[in-house]
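So the structure is just underneath, and the comments pick up after that.
Residue numbers (the working numbering), protein chains in the order written: chain A, 5 to 183; chain B, 489 to 920; chain C, 4 to 307.
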């Protein structure tokens, strides 16, 4: 079931960026880091929008959290290791961590550990496009595009043009082995 | 007690007979061979659709007793022989103590009589203690019943000693059996030197280590005019040398093992210690030459080089594990698979190399089916195939390279000296 | 693509895809090594044992550090081969260490096939850290990684391997890896130290160093050991040096941007003068660094 289309995604991202601009006076220290893979794509888009609205450059990095997952010995498949590419120091910066869907919170936990191994940011803020609930860890996002109520046996997927050739958010029945 | 084998296809290479016949055995002797023999009270073996062959004769068995009874004993070794269709086996003298004096020979005869199920004929050493330094008491060994002389496991490096041994053995008309391997050239080698030793980084034994040794021994056989038997031939060059020697009428005979026909050196590639044998498994080209040699009669016989080793000795690094694999229980089936099925030898020719030919080399009256001769026979079902299973070996050691293989031809009965010493009925085996 | 193996025993049996997966994975770990905190929690709770039955410093340290950078616990067992021979068998020693709930064994042994023996009988991962003259797969992989890093690719390169090929596990692993990935390999050394039929592994054999170096992109120098003199493989080390060591003059035969590699430890002044070992073409220290990343990748792929 489709819950967001291309225009809605664009609209939501735009309003999230405006909110970020309003709440962050210290935009010079802002960097975005997207979690591989779809979070990384969103982070790139958000940086672009903010740059357009405000001018200047917002550095974008990508973060692969595979090495920090807490379920490596429990999952049956071997996750593909993707690159972590943060070509700027994050020490004393304000890091905007971006992911597509917030679910159990375990991915974000892993991402926080990974970021802290890379540097010591002044502040980390979390942005997600969708918050679908069912948290297993005490983690909340600072910026949420849309809250969606789901049942645990459903899957929420963001599809993006760069990977899937489409732009939409869908809810599927049946579980996927992912945190 | 008498046994009547009914309507089996009797294949006897000694008489070139191949016919459906009955065989009546009384006491230890083949009493009568013919059509529709009647004998009241005889135990009947229905051999319809089966082959009846002379009991097989192995010129090259390691029984390990005395000295390494954890690897094999005369009892377990003869049980394994019986299961493989063998009724006469010649045991090699590299025991501890070695068979270099009459006491050990007598011990083996006594043990075989008491606990063995087939005939055991000891081979005595060439040199005292198998040290390659001075002659053993060949005369006294012969008197006590050895059927040949060999320092098997080692080559007699000293050419003069080998010359004397060949000369001296002449008066007994027994063969000198030579393990041909130049130890300086084989050195610390553990497999055939070639592509696979290069890939695996294992020290190699070049074919020339065998060929050089064969060349010298053939020269000495020519010089002395004595009977020489080359053990476990493995190389193309070796076949060539013996072919020429036979053309020159040098009194030489030679043997090949089933494993040297069935496996090439590529089999070593997973470091399975059950592929470690001496001489090593050679190349496909060597195998072709060995098969040619068998077809042309350059190679006279097939012998097992049955060499039991314990599980502990085989669960080691390849270089540390001892050479040798067991062979008595798989020999006949491997010969059928590698030689008879591809048409290299007829079944009768193959059986000749396992019966009458080895008997002639050591001069014993065995390996034939004739009225009045010793009742040593095997009944084989050629239409059956069987899977080699570790737990089914009678040998005390299980170090076979053929575990898991499916092989053609199943021995159903083995009769030695008029007694059934193997049948598939396991219950029966517990009785003796 | 998944890495489905229990063990890493050799490069010979690896597919091109498997090799590339290891090298690509190693690239991620190479990034980790540049961070201020050079450690990830990936193998937390896993235990890895180094079983070294032959003296080794760098390989052992490299594996130790790789395991630690992945947050695994590591224990070291070292023994000279002879003392093991007196008592326990290799298999028994390994079984005892496995019984301490170890997840993987890294095995260095002087005899070819020793890791295969353990891999056959034990259910845990076995990593070959060099078995006699057979293979040294992680060294081969790190050589591939280092060449790819410097040259951007392996395919189409000309590589010369010079020295004692017969006794070299590194040569064998390099040959398999390089030829699988499409490089042209020449081996060069005295004929006594070139094993028979090595051409069948897909390499060219030459006995003249200048001929071997001609037009090469990469030259891998191997260590020559003193004991080869006594076993009559070579008359003297001095004579060997004259014919088979690298020097400024011989370098002219290489391509201008060619690199020099050595699996270490270098016999400075024997196969390689100090000046070249430390020179601009040498990537010997890069090899050492990359070794950690490659070994992390191997441990990661086998243990997750």
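For glycine and all other residues, C-beta sits at the position ideal for the given N, C-alpha and C. Since the model is a prediction, treat every value here as computed from it, not as a measurement.
For the stretch 94 to 109 of chain A, there are no residues whose beta carbon sits under 7 Å from a beta carbon of chain C. Per the coordinates, the alpha-carbon of residue 87 (chain A) lies some 37 Å from the alpha-carbon of residue 124 (chain C). Residue 875 (chain B) has B:894 as its beta-bridge partners, per DSSP. For residue 92 (chain A), the secondary structure class from DSSP, reduced to helix, strand or coil, is coil. DSSP, read as helix, strand or coil, puts residue 528 (chain B) in coil. In the DSSP assignment, residue 514 (chain B) falls within the beta strand (DSSP E) that extends over 505 to 514. Beta-bridge partners of residue 140 (chain C) (DSSP): none assigned. Contact check for residue 299 (chain C) and residue 69 (chain C): beta-carbon distance about 5 Å, within the 8 Å limit, so the pair qualifies. With respect to the 8 Å criterion, residue 545 (chain B) and residue 902 (chain B) are not classified as neighbours on the basis of their beta carbons. Just so you know, the alpha carbons of residue 695 (chain B) and residue 680 (chain B) end up roughly 7 Å apart. Take the alpha-carbon of residue 507 (chain B) and the one of residue 498 (chain B): they are about 5 Å apart.
Every alpha helix (DSSP H) stretch that sits fully inside the stretch 559 to 641 of chain B and reaches 4 residues is listed by chain position as 562 to 571, 590 to 603 and 626 to 632.
The beta-carbon of residue 19 (chain A) is placed no less than 8 Å from the nearest beta-carbon of chain C. Within chain A, no C-beta atom comes nearer than 7 Å to that of residue 25 (chain C); the closest sits roughly 11 Å away. Residue-level contact check: residue 71 (chain A) touches chain C, since one or more beta carbons of chain C fall below 8 Å from its beta carbon. Using a Cβ distance threshold of 8 Å, residue 730 (chain B) and residue 782 (chain B) do not count as a contacting pair. Within 7 Å of the CB of residue 135 (chain C), the CB atoms of chain B belong to 689, in sequence order along the chain. No Cβ-Cβ contact shorter than 8 Å links residue 900 (chain B) with residue 521 (chain B).
Between residue 815 (chain B) and residue 797 (chain B), the CB-CB gap reaches or exceeds 8 Å.
For the stretch 821 to 846 of chain B, the beta-carbon criterion of a distance under 7 Å to any beta-carbon of chain C is satisfied by none of its residues.
Rounded to whole angstroms, the gap between the alpha carbons of residue 285 (chain C) and residue 148 (chain C) is 15 Å.
Taken atom to atom, the span from the alpha-carbon of residue 137 (chain C) to that of residue 634 (chain B) is near 45 Å. Straight across, the Cα-Cα distance linking residue 71 (chain C) with residue 74 (chain A) is about 17 Å. Considering only beta carbons, the part of the stretch 98 to 122 of chain C lying closer than 8 Å to chain B consists of 112, 114, 115, 116, 117, 119 and 120, in chain order. Around the beta carbon of residue 239 (chain C), a 10 Å sphere encloses fewer than 16 other beta carbons of the protein chains shown; the residue is thus reported as exposed. Boundaries for residue 191 (chain C): no alpha helix (DSSP H) harbours it, while the beta strand (DSSP E) harbouring it runs 187 to 191, taken from the DSSP string.
For residue 96 (chain C), no Cβ of chain A is located within less than 8 Å of the residue's own Cβ.
For a Cβ distance threshold of 7 Å, residue set 686 of chain B lies close to residue 198 (chain C), ordered along the chain.
For residue 201 (chain C), the C-beta contacts it makes with chain B under 7 Å involve 686, in order along the chain. Of the residues B:693, B:751, B:652 and B:658, the one whose Cα lies closest to the Cα of residue 669 (chain B) is B:693. Under DSSP, residue 494 (chain B) shares a beta bridge with B:534. Counted as a single uninterrupted DSSP element, the alpha helix (DSSP H) harbouring residue 21 (chain A) occupies residues 10 to 27.
Its Cα nearest to that of residue 792 (chain B), the residue B:821 stands out among B:686, B:821, B:513 and B:810. A Cβ-Cβ distance of about 7 Å is found for the pair residue 92 (chain C) and residue 803 (chain B), placing them in contact under the 8 Å criterion. Of the residues A:178, A:57 and A:107, the one whose Cα lies closest to the Cα of residue 25 (chain A) is A:57.
Not one beta carbon of chain C lies nearer than 8 Å to the beta carbon of residue 31 (chain A).
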